[in-house]
Amino acid sequence: MEYVQPGLTITVVSAKIATDGTVTVDYKLVDPNGAPLDLAGVVTPGPISVSFLIANIPAGQTQFSSYITRTVAATTGSATGTQAAGDSGGTTATVATGEYIYTFKTKLPTNDDPTTTHRVGLYGSRNLTVWDLGTDYADTWFDWVPNGSTPNPRDIVRNQDCNACHGSAATVTGANGLAAHGGSRRSVQVCIICHQPQTVDPNTGNSLDMKVFIHSIHMGSSLPTVIAGKPYQIIGYQNSVNDFSGVVYPSDVRRCQTCHNPKNGAAQTNAWLTTPSRAACGGCHTDVNFATGLNHVNLPQVDDSQCSMCHIPQGELEFDASIMGAHVIPDQSTQIPASTSSSKRSPMVPPERPPPSPSPCGITRATAFPWEPLPLIREPCP
Numbered sequence: 121m122e123y124v125q126p127g128l129t130i131t132v133v134s135a136k137i138a139t140d141g142t143v144t145v146d147y148k149l150v151d152p153n154g155a156p157l158d159l160a161g162v163v164t165p166g167p168i169s170v171s172f173l174i175a176n177i178p179a180g181q182t183q184f185s186s187y188i189t190r191t192v193a194a195t196t197g198s199a200t201g202t203q204a205a206g207d208s209g210g211t212t213a214t215v216a217t218g219e220y221i222y223t224f225k226t227k228l229p230t231n232d233d234p235t236t237t238h239r240v241g242l243y244g245s246r247n248l249t250v251w252d253l254g255t256d257y258a259d260t261w262f263d264w265v266p267n268g269s270t271p272n273p274r275d276i277v278r279n280q281d282c283n284a285c286h287g288s289a290a291t292v293t294g295a296n297g298l299a300a301h302g303g304s305r306r307s308v309q310v311c312i313i314c315h316q317p318q319t320v321d322p323n324t325g326n327s328l329d330m331k332v333f334i335h336s337i338h339m340g341s342s343l344p345t346v347i348a349g350k351p352y353q354i355i356g357y358q359n360s361v362n363d364f365s366g367v368v369y370p371s372d373v374r375r376c377q378t379c380h381n382p383k384n385g386a387a388q389t390n391a392w393l394t395t396p397s398r399a400a401c402g403g404c405h406t407d408v409n410f411a412t413g414l415n416h417v418n419l420p421q422v423d424d425s426q427c428s429m430c431h432i433p434q435g436e437l438e439f440d441a442s443i444m445g446a447h448v449i450p451d452q453s454t455q456i457p458a459s460t461s462s463s464k465r466s467p468m469v470p471p472e473r474p475p476p477s478p479s480p481c482g483i484t485r486a487t488a489f490p491w492e493p494l495p496l497i498r499e500p501c502p
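Here you go:
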């Protein structure tokens, strides 16, 4: 049993693209002690299965786009959808026990842009069930620019931000932390290779783009469309029906910085403040129709070019159209007098309403607490 040494770590040595578009990746498999593991499970215990992904960030874009896609049919009806996928049919050569070179069957286009950031993603499993030690899972990724430049990958949310919550309970693998699709996809950096605008659920029509469906999943029961009676579901791994309509976020959903942690070290950690988009915002505000302007103060938005003009990072007032202002938690508002802070007042008895503020003839605007919006009070002119 000591010889078995359960566990699996995958690392990438290098990745290359030949002139004809052939992609190769040199990778290593080791146990927790750093000892090399045999892919076939002959020299060392437990056969290992590894899968491969490849994508790049096209010029002028900010998200990965997979070189490999598939068309998926809905479980019922005739609807189909495109989804990013992994390579299949490639070949593996052994460098030494624990080190291998995988050659993708999928070839990149001959006009592939060598100036863009490319990423390979690897995920795998080590089967130790014959020793009653279960199955170990691991994943990793590797970024490079074919022309030798410095990679500039999408980097907004880090694993530790997710595992601040998801690491507190055992997953399907029996280990703490993120684990999706059976347990082998464990890193945000691998997730976003496939979970980008290319990928949709043909059954529901819901986007599986990370910036969309992650927001919707965490909103769950608070989604406007769910409150209106439409369940939020995704038909996912092995055609499983995943209904997130009952999800209750364990905090106020307006605490954006719980996930968008400004101290996580990510290069684009403030992207949610500086580059708002219809897709990201629509993940929570599911009742907004940007094409018609419904629930968007009747202002249609055909693209994202003007979003940041109104939705600046932070304005001068709370509860305004700025991103920080729109996500102020009411009982933490600075408008609440210190003597009536949320820790001192009864939740059943609201503070006394302040008097209306002076205004031009004919209209007096009442000053409202954020939890008690007041109408305009019309008064006659002298």
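Note that the sequence shown ends on residue 502 in my numbering; no numbers are left out.
Glycine included, each C-beta is placed from N, C-alpha and C at the ideal position.
Spatial neighbours of residue i in its chain, beta-carbon cut-off 6 Å, leaving aside the 5 residues before and after
| i | result |
| --- | --- |
| Gly403 | Val332, His335 and Ser336 |
| Thr319 | Gln203, Ala204 and Leu328 |
| Pro165 | Val124 |
| Asn247 | Gly166, Pro167 and Thr255 |
| Asp140 | none |
| His380 | Trp392 |
| Gly210 | Tyr222, Thr223, Phe224 and Lys225 |
Burial state of residue i (16 or more Cβ within 10 Å)
| i | result |
| --- | --- |
| Ala299 | buried |
| Glu436 | exposed |
| Met339 | buried |
| Thr249 | exposed |
| Val277 | buried |
| Met429 | exposed |
| Trp491 | With a pLDDT of only 36 at Trp491, under 50, the local geometry of the prediction cannot be trusted, and the value read off the model is given with reservation. Result: exposed. |
| Val308 | buried |
| Gly206 | buried |
| Pro322 | buried |
| Val163 | exposed |
| Thr237 | buried |
| Ala213 | exposed |
| Arg375 | exposed |
| Tyr357 | exposed |
| Asp281 | buried |
| Asp363 | exposed |
| Arg274 | buried |
| Val215 | exposed |
| Pro474 | Confidence in Pro474 is poor, its pLDDT being 42 and thus under 50, which makes the residue's placement unreliable; the coordinate value appears in the next sentence. Result: exposed. |
| Ala400 | buried |
| Thr230 | exposed |
| Gly127 | buried |
| Asn415 | exposed |
| Trp264 | buried |
Cut-off 7 Å between Cβ atoms - residues of its own chain near residue i, not counting five sequence neighbours on either side
| i | result |
| --- | --- |
| Gly445 | Gln434, Gly435, Leu437, Glu438 and Phe439 |
| Arg305 | Tyr243, Asp259 and Cys311 |
| Asn267 | Pro234 and Thr235 |
| Ser187 | First, the residue type needs correcting, since residue 187 is Tyr and not Ser in the sequence shown. Once the five neighbours on either side are set aside, the close Cβ partners of Tyr187 are Ile174, Ala175, Thr226 and Leu228. |
| Thr412 | Pro420 |
| Arg190 | Gln203 and Ala205 |
| Ala160 | Pro167 |
Range of the contiguous beta strand (DSSP E) that encloses residue i
| i | result |
| --- | --- |
| Phe172 | Ile168 to Asn176 |
| Val320 | Per DSSP, Val320 belongs to no beta strand (DSSP E) and is neither H nor E. |
| Thr144 | Val143 to Val150 |
| Ala446 | Looking at the DSSP string, Ala446 is not in any beta strand (DSSP E); the run it does join, the alpha helix (DSSP H), is Ile443 to Ala446. |
| Val215 | Thr211 to Ala216 |
| Ile221 | Glu219 to Thr223 |
| Ser191 | As written in the sequence, residue 191 is Thr, which differs from the Ser given in the question. From DSSP, the beta strand (DSSP E) with Thr191 extends over Thr189 to Ala193. |
Contact belief for residue i with residue j at Cβ below 8 Å, rounded distance in angstroms
| i | j | result |
| --- | --- | --- |
| His315 | Gly297 | So it is not a contact: roughly 17 Å between Cβ atoms. |
| Asp158 | Thr223 | Incorrect: roughly 20 Å between the Cβ atoms, too far for contact. |
| Val361 | Ser341 | With 8 Å as the limit, Val361 and Ser341 do not qualify as a contact, their Cβ atoms being about 17 Å apart. |
| Phe184 | Ile313 | 5 Å |
| Ile443 | Pro396 | 6 Å |
| Val150 | Thr129 | 5 Å |
| Thr324 | Thr406 | About 12 Å separates the two Cβ atoms, so there is no contact after all. |
Element boundaries [alpha helix (DSSP H), containing residue i]
| i | result |
| --- | --- |
| Gly201 | No alpha helix (DSSP H) contains Gly201, which is instead part of the beta strand (DSSP E) from Thr200 to Ala204. |
| Thr324 | Here Thr324 belongs to no alpha helix (DSSP H), and DSSP marks it neither H nor E. |
| Val133 | That residue, Val133, is in no alpha helix (DSSP H); its beta strand (DSSP E) goes Thr129 to Ile137. |
| Thr345 | Pro344 to Ile347 |
| Val310 | Val308 to Cys314 |
Sequence-distant residues of its chain with Cβ nearer than 8 Å to residue i (five each side left out)
| i | result |
| --- | --- |
| Pro370 | Cys285 |
| Thr200 | Thr191, Val192, Ala193, Ala194 and Pro322 |
| Ala386 | Asp275, Ile276, Val277 and Arg278 |
| Pro382 | Thr389 and Asn390 |
| Ser208 | Lys225 |
| Asn384 | Val277, Arg278, Gln280 and Asp281 |
Entirely within the segment 354–427 and at least 3 residues each: give me those beta strand (DSSP E) ranges in chain order. 361–363
Hey, which unbroken runs of the alpha helix (DSSP H) at 4 residues or more fall wholly within the segment 230–283?
none
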